[in-house]
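So the protein sequences, as listed, match chains R and D.
Residue 588 in the UniProt record's numbering sits at position 588 of the first sequence, and the numbers go up by one each step.
Residue 440 in the UniProt record's numbering sits at position 440 of the second sequence, and the numbers go up by one each step.
2 protein chains.
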Amino acid sequence: MKKFCFPKENHLKNQVNYCCFILIAVVFMVNNSYAQQPVDYVNPFIGTSNYGATNPGAIAPRGMVSVSPFNVAGAPNLPHEKDSRWLSNPYVYENTFLTGFSHVNLSGVGCPDLGVILTMPTTGKLETDYLKYGSTYSNEVAKAGYYSNTIDKYNIKVESTASIRTGISKYHFPQGQSNILINLGVGLTNEEGGMLKIVSDTEVEGIRNVGSFCYYKPEESYPVYFVAKFSKPADETGVWKKPKKQNGLEGQWMGYNGKTRLYKNYKKEVLGDSIGSYFTYHFKKPTTVEVKIGVSYISIANARENLKKETQNFSFDEINKSTNAQWNNLLSKIEVEGGTKDDKTIFYTALYHTLIHPNTLNDYNGEYPSMTKRETKTTKGKRFTVFSLWDTYRSLHSLMSLIYPKQQSDMVKSMLNIYDESGWLPKWELNATETTTMVGDPAGIILADTYLRGIKDFDVKKAYEAMRKSATQLENNPLRPGIKDYLQKGYLTTTTTKSGSVSTTQEYNITDFAIAQLAKELGKTDDYKVFSKRSTSYRNLFDKEFNLLRPKNYDGSWFTPFNPNTGANFEKNLGFIEGNSWQYTFMVSHDVKELMRLMGGKKSFVKQLDKVFDNKQFDMANEPDIIYPYLYNYAKGYEWKTQDRVSSLIKEYFTNKPAGLPGNDDTGTMSAWLIYSMMGIYPSSPAEPLYAITSPVFDKVTIHLDNRYYKNDTLVITSNASENKNNKKHIQSIYMNGKKYRSYFISHDKLVNGKTLKIILK
Amino acid sequence: MKKFCFPKENHLKNQVNYCCFILIAVVFMVNNSYAQQPVDYVNPFIGTSNYGATNPGAIAPRGMVSVSPFNVAGAPNLPHEKDSRWLSNPYVYENTFLTGFSHVNLSGVGCPDLGVILTMPTTGKLETDYLKYGSTYSNEVAKAGYYSNTIDKYNIKVESTASIRTGISKYHFPQGQSNILINLGVGLTNEEGGMLKIVSDTEVEGIRNVGSFCYYKPEESYPVYFVAKFSKPADETGVWKKPKKQNGLEGQWMGYNGKTRLYKNYKKEVLGDSIGSYFTYHFKKPTTVEVKIGVSYISIANARENLKKETQNFSFDEINKSTNAQWNNLLSKIEVEGGTKDDKTIFYTALYHTLIHPNTLNDYNGEYPSMTKRETKTTKGKRFTVFSLWDTYRSLHSLMSLIYPKQQSDMVKSMLNIYDESGWLPKWELNATETTTMVGDPAGIILADTYLRGIKDFDVKKAYEAMRKSATQLENNPLRPGIKDYLQKGYLTTTTTKSGSVSTTQEYNITDFAIAQLAKELGKTDDYKVFSKRSTSYRNLFDKEFNLLRPKNYDGSWFTPFNPNTGANFEKNLGFIEGNSWQYTFMVSHDVKELMRLMGGKKSFVKQLDKVFDNKQFDMANEPDIIYPYLYNYAKGYEWKTQDRVSSLIKEYFTNKPAGLPGNDDTGTMSAWLIYSMMGIYPSSPAEPLYAITSPVFDKVTIHLDNRYYKNDTLVITSNASENKNNKKHIQSIYMNGKKYRSYFISHDKLVNGKTLKIILK
């Protein structure tokens, strides 16, 4: 084994800190009790079909950069192509026409953004039109931190890997003329505008506008900077520009009007909406060229530094190995035994998907753009970005608190940075813009949840102040539109908002519950009482006629006509956003007992909950109801239904196939649901550090706890799952540290401070 | 008078060299024998109509920057608007709709280029569409280095001045909301693409693509960089972007599709084809804001340095005074007495126009872009640009040799720089691009002419090598297409070129004549013989049938049918570019005696020359025939015709009006013709340091010679011109230094080494 050292990123310049790959490798060898490493189970194709919106691109854990095949710009009229629908991913498994590799990408989101800095290797005469230079491809291989294919038209094998902020590709060119293109004129979205400047025969730098997410905020477009370095000097370089066609007499005189223009061997900035660069080679024999693309959201200089510091003089293979090792190191925090190979594959791929977003925003030197103003700030730690909090508060962040508490702590700190800079906690933050996507005020839930799980190394005073601000400020409150009605009436009305008056009320309730829980923990008794009271105001919207939640008008009357089925599959529905009453009514896991009472008791509750599933109102792909299968645990005697529902949902929706996610992964939310569900526990109520217990998929799950946060080294969940092949068995008994445990819920504290949770199925 | 010092530009950083304005002012006071200073006679409106293509913008002598009112983008269908024809100037006198002030502009050229970095002050609600924020204007005032108007719609008085690389404007805003716009989405040409980045509430930086001249070479577009500084911090800043409308479903979902987007208080780069920035103020009382825009063709950093070093903390008024003083200093090199006020006005305005191009390309620190590759080079002296040599070799450069020999020397050095960088002398160089506009190989003519006039402080060896290269290289010769036929047959044929086979032959002849003259001076006898012989090969194209030059076919036969009238007014004509046989036949001033012989002697020659004028074939607006009126001097006894023709051409074509130039000023060529003609001398044959003498317009012309090149302090031309009000008088006698002089030609040497030339009219 070749020994090489990799510099650890460090913003203190004088303090050089190396971690040696060899050490990581040794740790693996010691720890390795698998035939395969966890990283070997990752299948990045999962989620690349059925709107999963993941991509198989090479990425490092929480990387700013990924190198994704880009195959959505081939034929605008096909259903899976960009612009034919609201396509949010650079790659769709079914598509076949590759037009390059994009270097900044989102994974598992519901709106298009990024998907730019597209590279493409070609051979023969230079062609700059992607519809002409695009090609089919074959021999796809995707692993954690690695992607490869062969571009059929040119017989070029492409391999890609990535460090945090740098994409590294290796193009295996045949003999003859070859070209490496960087096309800034095409991307995943309609956003345009770029700059390219060829620095030398081995380097080009550039800027590309990206944004805005969901096309919500035109003013929230911003630049991404990059530097591309090539391992071999090109024989010719240049930039192309495709201007729009001009009208008028002068346009007629302009010989090149509307035609693509080539700037050969040109070394100054080229600016415009549709530009690209080419590096051309004339190879006497088959030759490989490595391309490193460093990225920054601060400046070209930082992009260059990111590239340099992260990749030094390391080869593609060295970087690929290192990134693979980083992935394996993180994935190995959970070891599983038992289950099928597919079980392990979907499990580790899900864990992999939870380690993509939130991702790194700060540069190697610690610089990152501040919220709103995009001023350059410096962090001594991490500034994470891509906080899709309406999604992730339900499952992802509590999982991070359990498995990667340091990362979760850094995420909380990033959220507080955002509060410092913008005056508000994030809702759906993306690269220092607040996209204000979806409803509710979810950040506080995560802050409270994290603290209550014992991750306390952040400024809780500030966190509490921030949570309280959005819960109490009546005017100009971007996080809680309709707050006045909410406080006055207890709910939003059909006049207050056209975007989910009921669901928004529920979201505010959950956040207020979170504030109450944290207030209690911090000894703020008055606040505890106030916010506890507020947290159940959804009860005003419970309509006994339907045994469901129902929107109310401004005057307090019920919204009529009311069809609780309306609203599924993104139908417009006044009371509920992205869902209907069935999909929202039970989303009060902090108050299930009262809901049960309102519905007429346990049996009536179970019956109503059954209806959701039996009448196909349950939507595995959307967040509000993903907790539903666990709610049977609240109905004593019906816990087996949780076990049945969860088992069959896993079987139905999560598979080792490109379509193996139920829909958008929602930056790891669905994946986190799967991980929990396969381990046999699920956080039953956000901001309440409690897990519902269900039947695990694996015989043994070993979680290596982080000793900076937890006293025990490991938490082990065992079961006789391998005897439950047909999912006919149910939990017979539970043992905590060998002692019989009589509840189907277990607190976070009890779990992590115990050593073994044993679940017996029969 | 306020005393203030102005830093002299200096590339040696540690050596600070100040020249004090007060000193310049003192010199004026001592020298001042005028009621008005020369600078006071400059009327920058001359040439702004009738296709003169000058502009009234504020500019420093040979400035990189000018601040020109931009009124050609108001209504695309009007005849004097951009894009309705090949409009080459940012301003047309007849137009009325102002959309801003452009900061890089060409003066007196025949193709559109530059005309960008448009500023516009407005009041009231922000409007970013120039068709909406544009306005009529009034109270125009233009002086050397100063322009002012009032923008009617907003009642804003605008004043502008400039240093070499910085435009300075003063906006007198009323009370209320005011906005200063910089629009990179509109310019004189179809070129697009820019970047804007707001640096602070008093500063914005940017880049704009410009080029290519005449839309000839798509690859010769390049960036101009700028930094704008405002004297008062804005209350709001922002950037706008007008993207093109996207098609497809995604476009429909994009609420702002195709709509102008505002990036408020945004501090990162905005890139694209149609972008602009705004600085908004809320004034409690009428307020002036000064805007300084520094420009560079190297980088934003250099633009910032140019601005800083040139304008320091000086106010608008201080800079305006300084620039005015620089103009006056240069214009005062020629003092005239007698003549009318209009005579002085057209004279000094013409001299002003000869001091605009060639202009400065290098930055304050000496950096400039190299030819072709645009690499950063550094000059210790000046790098001039805008060499429209097919025009300027005829009159401008010899005038510079006489009046501003140091400038002419620097121009020659810049031409040799271009040779060093590109391997070829320039033909029509513009900001380090070779536009290859027009025909012939004119640079050598200027190099020889300059040297032969005694301006020798350049590398004549290199100059000769460069001239010889284009005259002898048979393959891949960009300066002499058709050289093989030229050498083999003595002329280009109708097969060799479709763009003026005869005229190109004549141009090559003249250059070869220039090479011969320099060869002789340098003692290269063999070359002298070879090139002397080549210089008269046009004779092969003299057709006795017409007594004119006529194109020949490849086989040596005459091109038929032949109508010598065809080709005037830009009609297509195989043998002659931009002209016809009448307008070209006499363009052999180095061989007039032989032409006379070919035509059948003196009388026949005079008759034929008369026909040109009498049959309205003479074109004062085009270069090939501007020497014609002086050719009568070669026909002894007919010199009075030169005097008559020149006098009446001055009267007819050169007036103190916007239409007071015969057509394109051609970067000062027409102006130089006028200056010479009004002084009573004209360079009768390029590369032959000889002047034809005609009747002056002024009683006394005093040229202050540059002692670095000439031993005498002054050259004085006197006459009794003021007695010649009706132009009925002719030259009766000429005295050189008091001695009777018997020729109508005088050598440069004799002229500058004599002290007085006295011309008696009767």
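Where a beta carbon is used, it is the ideal one built from N, C-alpha and C, also for glycine.
Note that this is a predicted model, so its numbers are computed, not measured.
Residue(s) in a DSSP beta bridge with residue i
i: R/Phe559; result: None, per the DSSP bridge assignment.
i: D/Trp240; result: D/Leu262, D/Gly276
i: D/Ser618; result: It is worth fixing the name first, because residue 618 of chain D is Phe in this sequence and not Ser. According to DSSP, which records beta bridges pairwise, D/Phe618 is partnered with nothing at all.
i: R/Gly176; result: R/Phe283
i: R/Ser68; result: R/Ser102
i: R/Leu271; result: R/Met195
i: R/Ser138; result: R/Thr150
Three-state secondary structure assigned by DSSP to residue i
i: D/Ile182; result: strand
i: R/Ala448; result: helix
i: D/Thr345; result: helix
i: D/Thr669; result: helix
i: D/Leu715; result: strand
i: R/Glu578; result: coil
i: D/Pro223; result: strand
i: D/Phe546; result: coil
i: R/Cys20; result: The predicted position of R/Cys20 is uncertain, since its pLDDT is 34 and thus under 50; a value taken from the coordinates is nonetheless stated next. It is a strand residue.
i: R/Asn55; result: coil
i: D/Thr511; result: helix
i: D/Lys750; result: helix
i: R/Thr433; result: strand
i: R/Trp390; result: helix
Residue closest to residue i, alpha-carbon to alpha-carbon, out of the options
i: R/Gly440; options: R/Leu98, R/Thr504, R/Thr99; result: R/Thr504
i: D/Ile334; options: D/Tyr348, D/Asp343, D/Gln326, D/Asp342; result: D/Tyr348
i: R/Gly251; options: D/Leu87, D/Phe531, D/Thr495; result: D/Leu87
i: D/Tyr352; options: D/Ser315, D/Ile319, D/Lys321, D/Leu396; result: D/Leu396
i: R/Met678; options: R/Tyr404, R/Ala692, R/Thr450; result: R/Ala692
i: D/Gly660; options: D/Leu330, D/Asp666, D/Lys651; result: D/Lys651
i: R/Gln312; options: R/Arg165, R/Pro405, R/Asp391, R/Phe513; result: R/Arg165
i: R/Ser169; options: R/Ile275, R/Leu549, R/Thr119, R/Asp152; result: R/Thr119
i: D/Ser470; options: D/Lys461, D/Pro481, D/Asp410; result: D/Pro481
i: R/Asn712; options: R/Ser695, R/Gly754, R/Trp673; result: R/Gly754
Chain D contact residues for residue i, given Cβ-Cβ distances below 7 Å
i: R/Lys267; result: Lys373, Arg374, Glu375
i: R/Glu305; result: Those do not exist, as R/Glu305 stays about 18 Å from chain D at its closest Cβ, beyond 7 Å.
i: R/Glu421; result: The contacting residues do not exist; R/Glu421 stays about 13 Å from chain D at best.
i: R/Met195; result: Met195, Leu271
i: R/Tyr171; result: Per Cβ cutoff of 7 Å: no residues; R/Tyr171 is ~26 Å from chain D at best.
Contacts that residue i makes with chain R (C-beta to C-beta distance below 7 Å)
i: D/Gln246; result: Asn190
i: D/Ile207; result: Glu269, Leu271
i: D/Arg550; result: Within 7 Å Cβ-Cβ: nothing; D/Arg550 doesn't reach chain R, min ~30 Å.
Residue i: contacting residues in chain D (beta-carbon distance under 9 Å)
i: R/Asp83; result: Gln246, Asn247, Gly248, Leu249, Glu250, Gly251
i: R/Trp424; result: The premise fails here: R/Trp424 is roughly 17 Å from chain D at the closest Cβ pair, so nothing lies under 9 Å.
Supposed contact pair residue j and residue i - C-beta distance, whole angstroms, cut 8 Å
i: R/Met64; j: R/Leu361; result: 7 Å
i: R/Asp610; j: R/Phe618; result: About 10 Å separates the two Cβ atoms, so there is no contact after all.
i: R/Tyr91; j: R/Ser68; result: 5 Å
Neighbouring residues, chain R, relative to residue i (Cβ below 9 Å)
i: D/Tyr263; result: Pro218, Glu219, Glu220, Ser221, Tyr222
Min CB distance residue i to chain B below 8 Å
i: R/Tyr137; result: Checking the listed chains, one finds no chain B in this structure; the protein chains it contains are R and D.
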